[in-house]
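Each remark here refers to the structure printed beneath this line.
Chains as they are written, first to last, in the numbering used here: chain S, 86 to 331; chain B, 750 to 1061.
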């Protein structure tokens, strides 16, 4: 049942020009930044050779690229999730799901999975770029994988937030704006001077940075898991609530 | 069991704030019945159907679908339902085939069982030609038929249709009505409408709703019998004295309408028109108009809902 819903979501996403446009823009931008990073690396390569314990190409190209990809996700996720429930409520096609023998959790997980697959495509396309360097140099595949894992987890957390917010309104644009605002807020919450531990913990990008360094901490993984579960749980409650409301 | 109870509704109530949209409603639907929920706009028809379909939770009352309680065993109960809401739940970007496949799978049909079911339902709903077309590009009539097809693709025992013929042209309406009557033979259909003609041409049973309450419930045949006395309008070029018309069998009252026209009120079942034609010929009244004016069900429906309104 979850797969049926995910497949339908996935199909609808790729039948709209939105998905293709987003992927193309994302890919073009990432390629440009990748080239700049490689150029920079070539410029400093000579000086690095003399240093002891110098950062390698993975640290100087792949990690910054993934950092840019994370900011890209911040823009892409609201676009990918805004229609999930708001559009179905608006066109009243949600009635089909509500009257079918499908639970609210199946609806939410199905739509979540469909969106995740889309975001993961974008993430892995970005991840493939540094892989191209493997032809000319040695890459730290451990760090690369940790970075990809981080990007996927970030996408999972962001998508859960966006999915929940799309259940709150019948206006896709409003859902997108709210998602963007909330994600951006979470991401910059640790930028203040006092560096309270709580604010630091709340920022999804802070946990992401650790993964980019190749440090796979269970605390960071737990953060993304908690973020996703919290917002998916809220979404499920909200869908059940819709039956009581209108 | 031919007369198996498919839907049992007990004391169903739903409020919107202070307003009671559905108030203490109880009824049953058996296999082989097409039940028409009739009522003016805002009578609570859609709210009732939404609750039956499990889209809206009732504030009070019980709904049992095919032996399963809709609130206690929602999955099993919903399995037995096919629902066409007021606005067909369609994805404009999908083709008709894709939409039907989605609906079939959602309602628990396996991958292999879906394809023959889709072919069958397309045939029944007249969609065979448009399977590959995008729903967004179809006319309103085809969209409505696709909506109906997605509701019945899994052959549910209970079919719930909210205003199924709204927005269709007369030929399409006939087609849908024929289909609904067919569905009603083996399954149970409950539909809402504000058109009495729809009930007359499709339903076996009618429930009339007003302000969320049931004001009439019965078989359509009973309703027909309860129709009050009817009338005939006649036009004569050489009319006899009015007293002579009043003497005719079963005539209760004669109204003179001027220019040789009369309205003859008579008790139901009288074959007055035959007698009139013979008499007019024998006496040279020169009959030029003969129109039966039996009070229509429509009029009776209006009276029923209006009377209640003034009484309540």
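Think of the CB as a built atom: it goes at the ideal place given N, C-alpha and C, for glycine as much as any other residue. Since this is a predicted model, take the numbers as computed values, not measurements.
What did DSSP end up calling residue i once you bin it into helix, strand or coil?
i: residue 909 of chain B; result: strand
i: residue 759 of chain B; result: strand
i: residue 868 of chain B; result: helix
i: residue 255 of chain S; result: coil
i: residue 692 of chain B; result: The displayed coordinates of chain B run from 750 to 1061. Any statement about residue 692 of chain B would go beyond what the structure contains.
i: residue 197 of chain S; result: helix
i: residue 999 of chain B; result: coil
i: residue 700 of chain B; result: The requested residue 700 of chain B is not part of the displayed model; chain B covers only 750 to 1061.
i: residue 993 of chain B; result: helix
i: residue 768 of chain B; result: strand
i: residue 1059 of chain B; result: At residue 1059 of chain B the pLDDT is 45, less than 50, meaning the model places this residue with poor confidence and gives no usable figure here.
i: residue 204 of chain S; result: helix
i: residue 780 of chain B; result: coil
i: residue 980 of chain B; result: strand
i: residue 818 of chain B; result: strand
i: residue 234 of chain S; result: helix
i: residue 937 of chain B; result: strand
i: residue 144 of chain S; result: helix
Around the Cβ of residue i, are there at least 16 other Cβ atoms within 10 angstroms (buried) or fewer (exposed)?
i: residue 936 of chain B; result: buried
i: residue 126 of chain S; result: buried
i: residue 226 of chain S; result: exposed
i: residue 892 of chain B; result: buried
i: residue 89 of chain S; result: buried
i: residue 819 of chain B; result: buried
i: residue 778 of chain B; result: buried
i: residue 1058 of chain B; result: With a pLDDT of only 49 at residue 1058 of chain B, under the threshold of 50, the placement of this residue in the model should not be trusted; the figure read from the coordinates follows. When all chains shown are included, residue 1058 of chain B counts as exposed.
i: residue 215 of chain S; result: buried
i: residue 258 of chain S; result: exposed
i: residue 848 of chain B; result: buried
i: residue 1060 of chain B; result: No answer about residue 1060 of chain B holds up, because its pLDDT of 41 lies below 50 and its placement is not dependable.
i: residue 863 of chain B; result: buried
i: residue 988 of chain B; result: buried
i: residue 138 of chain S; result: exposed
i: residue 907 of chain B; result: buried
i: residue 919 of chain B; result: exposed
i: residue 765 of chain B; result: exposed
i: residue 1037 of chain B; result: exposed
i: residue 128 of chain S; result: exposed
i: residue 1026 of chain B; result: exposed
i: residue 844 of chain B; result: buried
i: residue 939 of chain B; result: buried
i: residue 220 of chain S; result: exposed
i: residue 314 of chain S; result: exposed
i: residue 1040 of chain B; result: exposed
i: residue 186 of chain S; result: buried
In terms of residue numbering, what span does the alpha helix (DSSP H) encompassing residue i cover?
i: residue 156 of chain S; result: 148–166
i: residue 129 of chain S; result: 102–134
i: residue 1030 of chain B; result: 1021–1032
i: residue 827 of chain B; result: 823–828
i: residue 841 of chain B; result: First-last for residue 841 of chain B: undefined, no H or E at that position.
i: residue 314 of chain S; result: 303–330
i: residue 184 of chain S; result: 179–184
i: residue 948 of chain B; result: 945–951
i: residue 915 of chain B; result: Counting along the chain, residue 915 of chain B falls outside any alpha helix (DSSP H), and DSSP gives it neither H nor E.
i: residue 795 of chain B; result: 794–801
i: residue 900 of chain B; result: 889–901
i: residue 172 of chain S; result: 171–175
Provide the residue span of the beta strand (DSSP E) that contains residue i, from first to last.
i: residue 1011 of chain B; result: 1010–1015
i: residue 965 of chain B; result: 962–968
i: residue 292 of chain S; result: No beta strand (DSSP E) contains residue 292 of chain S, which is instead part of the alpha helix (DSSP H) from 289–297.
i: residue 1038 of chain B; result: 1036–1041
i: residue 987 of chain B; result: Run containing residue 987 of chain B: none; DSSP gives neither H nor E here.
Below 8 Å on the Cβ atoms is my contact criterion, and I expect residue i with residue j to pass it. Report the Cβ-Cβ distance as a whole number of Å.
i: residue 248 of chain S; j: residue 193 of chain S; result: 7 Å
i: residue 237 of chain S; j: residue 169 of chain S; result: With a Cβ gap of about 19 Å, residue 237 of chain S and residue 169 of chain S do not count as contacting.
i: residue 60 of chain S; j: residue 255 of chain S; result: Since the first residue shown for chain S is 86 and the last is 331, residue 60 of chain S is missing from the structure and cannot be characterised.
i: residue 911 of chain B; j: residue 1028 of chain B; result: Actually they do not touch by this definition, with Cβ atoms about 50 Å apart.
i: residue 1012 of chain B; j: residue 971 of chain B; result: Their Cβ separation, rounded to whole angstroms, is 27 Å, which puts residue 1012 of chain B and residue 971 of chain B out of contact at 8 Å.
i: residue 159 of chain S; j: residue 230 of chain S; result: That pair is no contact at about 22 Å.
Between residue i and chain D, is any beta-carbon pair separated by less than 8 Å?
i: residue 852 of chain B; result: In the structure shown, chain D cannot be found, because the protein chains are S and B.
Given a limit of 8 Å on CB to CB distance, which residues of the stretch 176–193 of chain S reach chain B? Listed in sequence order: 176, 177, 178, 179, 180, 181, 182, 183, 184, 185, 186, 187 and 188.
Determine which residues of the stretch 807–840 of chain B have a Cβ less than 7 Å from any Cβ of chain S, and write them out in chain order. Within the stretch 807–840 of chain B, the residues whose Cβ lies closer than 7 Å to some Cβ of chain S are 824, 827, 828, 830, 832, 834, 836, 838, 839 and 840, listed in chain order.
Using Cβ-Cβ distances below 8 Å, what residues of the stretch 854–866 of chain B are close to chain S? Listed in sequence order: 854, 855, 856 and 857.
Mind listing which residues of the stretch 89–102 of chain S have their C-beta closer than 9 Å to chain B's C-betas, in chain order? So the close ones are 89, 90, 92, 93, 96, 97, 100 and 101.
Residues of the stretch 318–330 of chain S with Cβ closer than 8 Å to any Cβ of chain B, in chain order: Taking 8 Å as the Cβ-Cβ cut-off against chain B, the residues of the stretch 318–330 of chain S that qualify are 328 and 329.
Members of the stretch 911–939 of chain B that neighbour chain S once the beta carbon cut-off is set at 8 Å: Listed by position along the chain: nothing, the set is empty.
Using a Cβ-Cβ cutoff of 7 Å, what residues of the stretch 770–803 of chain B are near chain S? List them in chain order. Result list: 802 and 803.
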